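Colleague:
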Amino acid sequence: MIDPYLPQRVKIVKIKAVADDAALFTLQFEDSKVQKKYAFIQGQFAMVGIIGAGECALDICSPSDKSSKYMQVTVKQVGFLTKKLVDSKVGDILTFRGPFGNGWPNLNKLAKPNIILIAGGSGVAPIRGEIEHIISSKYFKENTVQVLCGSNEIEYLMYQDEMANWVNNDIRLGISVDRLKRATAVANAKVVKGVITQLLNGDNIDKDSTVFMVGPPAMYKPVIKKLQELGFADEDIYFSLERRMYCGIGVCQHCAVNDVYICKDGPVFNVNDLINNPDLI
Amino acid sequence: MLKNEIDKLAIYIAKQYDIYAPVLSKDELIVKGVNNIDNIDYSSRIPDNTFKQLFLPDQEELFSWKKDKLIKPDLSKVKGKAAYGMNVLDLKALGLFDLVFTNDPYYLAKRENGLVVGISSGAPADYEEYKIFSMDKVENVLEHIPFDIFLEKNKEGEFKVYSGSAKGRKVLRGAGIDVFENIQFAGLIQEEGPDQRMLKLMPIVKGSEDNPVWDEIAKICTACGKCSTACPTCFCFDLLDEAGADNTVSKKRVWGNCFYPEFSQVAGGKKFVDTVKQKLFFWYEHKFSRTPAEYKVPGCVSCMRCFKVCPVGINIIEVLNKLEKKND
Ligand SMILES: Cc1cc2nc3c(=O)[nH]c(=O)nc-3n(C[C@H](O)[C@H](O)[C@H](O)COP(=O)(O)OP(=O)(O)OC[C@H]3O[C@@H](n4cnc5c(N)ncnc54)[C@H](O)[C@@H]3O)c2cc1C
Ligand code: SF4
Ligand code: SF4
Ligand code: FES
Numbered sequence: 076m077i078d079p080y081l082p083q084r085v086k087i088v089k090i091k092a093v094a095d096d097a098a099l100f101t102l103q104f105e106d107s108k109v110q111k112k113y114a115f116i117q118g119q120f121a122m123v124g125i126i127g128a129g130e131c132a133l134d135i136c137s138p139s140d141k142s143s144k145y146m147q148v149t150v151k152q153v154g155f156l157t158k159k160l161v162d163s164k165v166g167d168i169l170t171f172r173g174p175f176g177n178g179w180p181n182l183n184k185l186a187k188p189n190i191i192l193i194a195g196g197s198g199v200a201p202i203r204g205e206i207e208h209i210i211s212s213k214y215f216k217e218n219t220v221q222v223l224c225g226s227n228e229i230e231y232l233m234y235q236d237e238m239a240n241w242v243n244n245d246i247r248l249g250i251s252v253d254r255l256k257r258a259t260a261v262a263n264a265k266v267v268k269g270v271i272t273q274l275l276n277g278d279n280i281d282k283d284s285t286v287f288m289v290g291p292p293a294m295y296k297p298v299i300k301k302l303q304e305l306g307f308a309d310e311d312i313y314f315s316l317e318r319r320m321y322c323g324i325g326v327c328q329h330c331a332v333n334d335v336y337i338c339k340d341g342p343v344f345n346v347n348d349l350i351n352n353p354d355l356i
Numbered sequence: 043m044l045k046n047e048i049d050k051l052a053i054y055i056a057k058q059y060d061i062y063a064p065v066l067s068k069d070e071l072i073v074k075g076v077n078n079i080d081n082i083d084y085s086s087r088i089p090d091n092t093f094k095q096l097f098l099p100d101q102e103e104l105f106s107w108k109k110d111k112l113i114k115p116d117l118s119k120v121k122g123k124a125a126y127g128m129n130v131l132d133l134k135a136l137g138l139f140d141l142v143f144t145n146d147p148y149y150l151a152k153r154e155n156g157l158v159v160g161i162s163s164g165a166p167a168d169y170e171e172y173k174i175f176s177m178d179k180v181e182n183v184l185e186h187i188p189f190d191i192f193l194e195k196n197k198e199g200e201f202k203v204y205s206g207s208a209k210g211r212k213v214l215r216g217a218g219i220d221v222f223e224n225i226q227f228a229g230l231i232q233e234e235g236p237d238q239r240m241l242k243l244m245p246i247v248k249g250s251e252d253n254p255v256w257d258e259i260a261k262i263c264t265a266c267g268k269c270s271t272a273c274p275t276c277f278c279f280d281l282l283d284e285a286g287a288d289n290t291v292s293k294k295r296v297w298g299n300c301f302y303p304e305f306s307q308v309a310g311g312k313k314f315v316d317t318v319k320q321k322l323f324f325w326y327e328h329k330f331s332r333t334p335a336e337y338k339v340p341g342c343v344s345c346m347r348c349f350k351v352c353p354v355g356i357n358i359i360e361v362l363n364k365l366e367k368k369n370d
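Protein sequences, first through last, are from chains A and B.
First residue of the first sequence? That's 76 in my numbering, and the numbers climb one at a time after it.
First residue of the second sequence? That's 43 in my numbering, and the numbers climb one at a time after it.
1) Is valine 361 (chain B) a contact residue of ligand 2, with contact defined as CB to any heavy atom under 6 angstroms?
2) So, with DSSP's three-state summary, where would you put serine 176 (chain B)?
3) On the CB-based measure, 16 or more other CB atoms within 10 Å of its CB, does proline 340 (chain B) come out buried or exposed?
4) Is isoleucine 262 (chain B) buried or exposed, if buried means 16 or more other CB atoms sit within 10 Å of its CB?
5) Strictly by DSSP, which residues pair up with cysteine 131 (chain A)?
6) How about glycine 129 (chain A): is its C-beta nearer than 7 angstroms to some C-beta of chain B?
7) Can you find a heavy atom of ligand 6 that lies under 6 angstroms from the Cβ of arginine 319 (chain A)?
8) Using DSSP with H/G/I as helix, E/B as strand and the rest coil, what is glutamate 102 (chain B)?
9) For isoleucine 161 (chain B), tell me which candidate among B:Glu70, B:Lys45, B:Arg153 has the shortest Cα-Cα distance.
10) Nearest-angstrom Cα distance between serine 205 (chain B) and proline 64 (chain B)?
11) Count the other CB atoms, across all protein chains shown, that sit within 10 Å of the CB of glutamate 154 (chain B); report buried if there are 16 or more and exposed otherwise.
12) Along the chain, where does the alpha helix (DSSP H) containing isoleucine 55 (chain B) start, and where does it finish?
13) Answer with yes or no whether the minimum CB distance from methionine 288 (chain A) to chain B is below 7 angstroms.
14) Using 6 angstroms as the cut-off, classify the Cβ of threonine 264 (chain B) as near or not near the heavy atoms of ligand 2, replying yes or no.
15) For cysteine 278 (chain B), verify whether its CB is less than 6 angstroms away from any heavy atom of ligand 4.
16) Can you pull the chain B neighbours of cysteine 327 (chain A), defined as C-beta to C-beta under 8 angstroms?
17) Please list, in chain order, the chain A residues whose beta carbon lies closer than 7 angstroms to that of tryptophan 256 (chain B).
18) Hey, cysteine 269 (chain B) and valine 354 (chain B) are a contact pair by Cβ (cut 8 angstroms); roughly how many whole angstroms apart?
19) For alanine 208 (chain B), count the other beta carbons within 10 Å of its own beta carbon; 16 or more makes it buried, fewer makes it exposed. Which is it?
20) Could you check what DSSP says for alanine 200 (chain A) in three-state terms: helix, strand or coil?
21) For a contact defined as C-beta to C-beta under 7 angstroms, what are the partners of tryptophan 107 (chain B) on chain A?
22) Can you list, in chain order, the residues of the region 124-151 of chain B whose Cβ is nearer than 9 angstroms to any Cβ on chain A?
23) Taking only three categories from DSSP, how would you classify glutamate 171 (chain B)?
24) Hey, would you say tryptophan 325 (chain B) sits closer than 7 angstroms to cysteine 300 (chain B), going by beta carbons?
25) Looking only at its own chain, which residues have a Cβ that is under 6 angstroms from the Cβ of asparagine 177 (chain A), when we skip the five neighbours before and after it?
26) Give the straight-line distance between the Cα atoms of lysine 364 (chain B) and asparagine 183 (chain A), rounded to the nearest whole angstrom.
27) Using a Cβ-Cβ distance under 7 angstroms, would leucine 104 (chain B) count as near chain A?
28) Can you tell me the Cα-Cα spacing of aspartate 49 (chain B) and phenylalanine 222 (chain B), whole angstroms?
29) So which residues touch the region around ligand 3, with touch meaning a C-beta under 6 angstroms from any heavy atom?
30) In the structure shown, what three-state DSSP assignment does glutamate 141 (chain B) receive?
31) Using a Cβ-Cβ cut-off of 7 angstroms, state whether glycine 195 (chain A) counts as contacting chain B.
32) With aspartate 280 (chain B) as the anchor, note down where its beta strand (DSSP E) starts and where it stops.
33) Tell me which residues share the same chain as serine 18 (chain A) and place their Cβ nearer than 7 angstroms to its Cβ, disregarding the 5 neighbours each side in the sequence.
34) Taking the straight line between their C-alpha atoms, what separation do you get for histidine 329 (chain A) and lysine 89 (chain A)?
35) Give, in chain order, every residue of the region 159-193 of chain A whose Cβ lies closer than 7 angstroms to some Cβ of chain B.
36) At which residues does the alpha helix (DSSP H) containing cysteine 224 (chain A) begin and terminate?
Below, the structure written as structure tokens:
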């Protein structure tokens with residue numbers, strides 16, 4: 076019988092700072108046989124930990140077609156464990172369980188194949204995996220891809236160094252910063268002062284698209300409302316949620332919302348799911 | 043069968059297992075480890091505490107690391123405990139745990155290496171008052187609750203013995219008991235289909251979030267969480283790492299409690315289940331909507347322990363009745 080709580084050991088092979096308080100970790104299973112067979116769906120998460128310090132949920136943000144070689148996670152320092160993770164060094168051993176959850180819908184099966192990725196705050200982390208996947212699978216060649224990122228301060232906007240590469244791969248980039256002190260641009264995209272909904276004005280965005288979004292709890296309602304006003308159909312809007320999690324498999328109850336578990340039935344939901352479960356957001 | 047033969051059974055079981063059974067001390071009926079089988083209470087009353095500790099301890103080590111080296115326990119060697127004298131309601135709760143933890147090797151090891159002996163002496167006197175879900179006569183219910191051995195006590199104090207598993211039969215024969223009836227477990231759901239009251243309550247509870255009943259009880263509930271701790275069907279848990287001596291770290295599973303402030307708190311301080319009203323709703327919703335939707339059985343076995351421990355006297359039956367009434 077598989078022990079759902081027993082993690083694998085992974086080694087940190089690379090660390091890259093991606094914002095003032097966040098880092099990208101490249102991980103490999105110590106057991107290369109496990110790595111070779113490893114697979115996940117973009118948008119799924121893992122429980123990543125340090126022996127003695129516990130575990131936390133992190134989205135796997137590397138492209139899924141590289142899963143037999145490595146995984147990547149982005150860690151934003153917000154508390155006890157994430158601080159320890161950010162302080163880790165190359166060569167350190169972490170624990171790793173998962174993948175868990177459903178992940179984003181398969182890009183090749185979308186009714187509307189053009190896509191808009193919306194990320195507020197540390198939501199850029201889970202979106203980054205999808206962007207890497209879009210670049211690595213050349214999805215952008217056939218379809219329009221837009222990425223809209225919002226941050227409260229420019230210093231906390233993650234992945235600024237990768238954005239030029241996104242733009243070079245035909246991804247249209249929009250950035251908003253709540254507290255913008257002086258006019259600036261990232262990867263040639265002029266940073267808009269204000270909240271993320273300001274990036275959603277009619278002229279700039281391709282309305283014939285599917286939307287994937289992740290952000291802080293307060294972001295979902297206004298962004299969905301704005302998208303609906305712009306004429307987006309509910310079934311074309313997907314979002315990924317965060318809750319406190321322990322088991323990752325729908326048992327411990329910490330992430331339950333009415334009849335669903337964010338860990339098992341999510342973390343990705345569709346706006347239509349709100350009909351039965353408005354408390355999700 | 044006479045009581046002295048049942049005593050022989052208990053002695054035989056005690057040779058192989060640590061026996062945990064209801065014991066009367068002063069006015070309290072407490073499930074605890076039993077050294078002297080004469081102390082076992084055969085009234086089949088509902089004990090103040092539950093048996094859940096035996097299969098889902100309030101704290102347990104899953105595995106550990108010593109200087110980074112993983113130490114996995116040999117689960118086949120877990121010492122079995124005998125849950126002796128479980129009443130029908132607690133057996134229903136155990137049946138729910140069996141569904142919830144069906145893929146959990148730590149739980150299953152305790153179940154497989156343990157022994158469950160049920161008991162009934164007919165419906166309790168206050169049966170009508172306590173009834174939340176249909177509680178049939180023992181004969182009808184036995185096929186739908188898990189046990190290895192079941193003792194049915196009649197008014198004269200004589201016992202009829204049932205076996206519910208190969209393990210149970212082996213123990214009975216080992217104890218020299220040859221006269222017993224075999225019961226084949228047919229799942230928790232009765233032939234007529236899922237519990238009618240449960241089905242009726244599901245949409246009512248699910249849709250009750252704005253019902254003033256929650257405001258009413260939220261005003262008096264202290265969110266102490268005693269109801270959840272006392273409840274035989276409450277099973278939520280946390281996982282944590284605990285450092286021990288000599289560079290050891292254990293992965294522990296400890297009971298959670300949805301009334302405690304950290305239950306749903308994420309980094310930055312946001313709590314998704316925050317107000318007392320939200321907590322109460324979350325608790326009831328788990329029992330009367332989420333569990334029925336997931337497992338097709340009620341998440342409450344109407345034992346009334348929650349009412350008995352509640353410092354402000356919140357009565358689950360009254361709450362459900364009010365919710366139903368407001369819906370009519
Ligand atoms: C599906 C999912 C995906 C996530 N993806 C990412 C990601 O890619 N990058 C990233 O930086 N963060 C991500 N998070 C958030 C991350 O899990 C939390 O920031 C982290 O658990 C905080 O732990 P801490 O010990 O540093 O914080 P503290 O506030 O010190 O945590 C204390 C306790 O709260 C618990 N806790 C606090 N916040 C959370 C939370 N959000 N979820 C679960 N438990 C929590 C911890 O388990 C710990 O026991 C994700 C969360 C979820 C649910
Ligand atoms: S025991 Fe009573 S007061 Fe305590 S949390 Fe439960 S309902 Fe509230
Ligand atoms: S009556 Fe109360 S304590 Fe008993 S099972 Fe139902 S909710 Fe739990
Ligand atoms: S994390 Fe345990 S139920 Fe979702």
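Every residue gets a Cβ at the ideal spot worked out from N, C-alpha and C, and that includes glycine.
Nothing here was measured: the structure is a model prediction, and the numbers come from that model.
Modeller: By the coordinates alone:
1) no
2) Low local confidence applies: a pLDDT of 48 at serine 176 (chain B) is under 50, so the model's placement there is unreliable, with the coordinate-based value given in what follows. It is coil, neither helix nor strand.
3) buried
4) exposed
5) A:Val123
6) yes
7) This structure does not include ligand 6; its bound ligands are ligand 1, ligand 2, ligand 3 and ligand 4.
8) strand
9) B:Lys45
10) 21 angstroms
11) exposed
12) 45-58
13) no
14) yes
15) no
16) Cys278, Phe279, Asp280, Leu281, Gly298
17) Result: empty, since nearest Cβ-Cβ is about 14 angstroms, beyond 7 angstroms.
18) Contact flag wrong, Cβ pair sits at about 10 angstroms.
19) exposed
20) helix
21) Ile126
22) Val142, Phe143, Asn145, Asp146, Pro147, Tyr148, Leu150
23) Low confidence applies here, because glutamate 171 (chain B) scores a pLDDT of 46, under 50, leaving its location unreliable and the question unanswered by this model.
24) yes
25) Val343
26) 50 angstroms
27) yes
28) 16 angstroms
29) B:Ala272, B:Cys273, B:Pro274, B:Thr275, B:Lys329, B:Cys342, B:Val343, B:Ser344, B:Cys345, B:Met346, B:Arg347, B:Cys348, B:Ile358
30) Residue identity check: residue 141 (chain B) is leucine in the sequence provided, not glutamate. DSSP places leucine 141 (chain B) in helix when its eight states are reduced to three.
31) no
32) 279-285
33) Within the shown structure, residues of chain A are numbered from 76 to 356, placing residue 18 (chain A) beyond reach of any answer.
34) 32 angstroms
35) Ile168
36) Taken as a continuous stretch (DSSP letters only), cysteine 224 (chain A) belongs to no alpha helix (DSSP H), being part of the beta strand (DSSP E) at 220-226.
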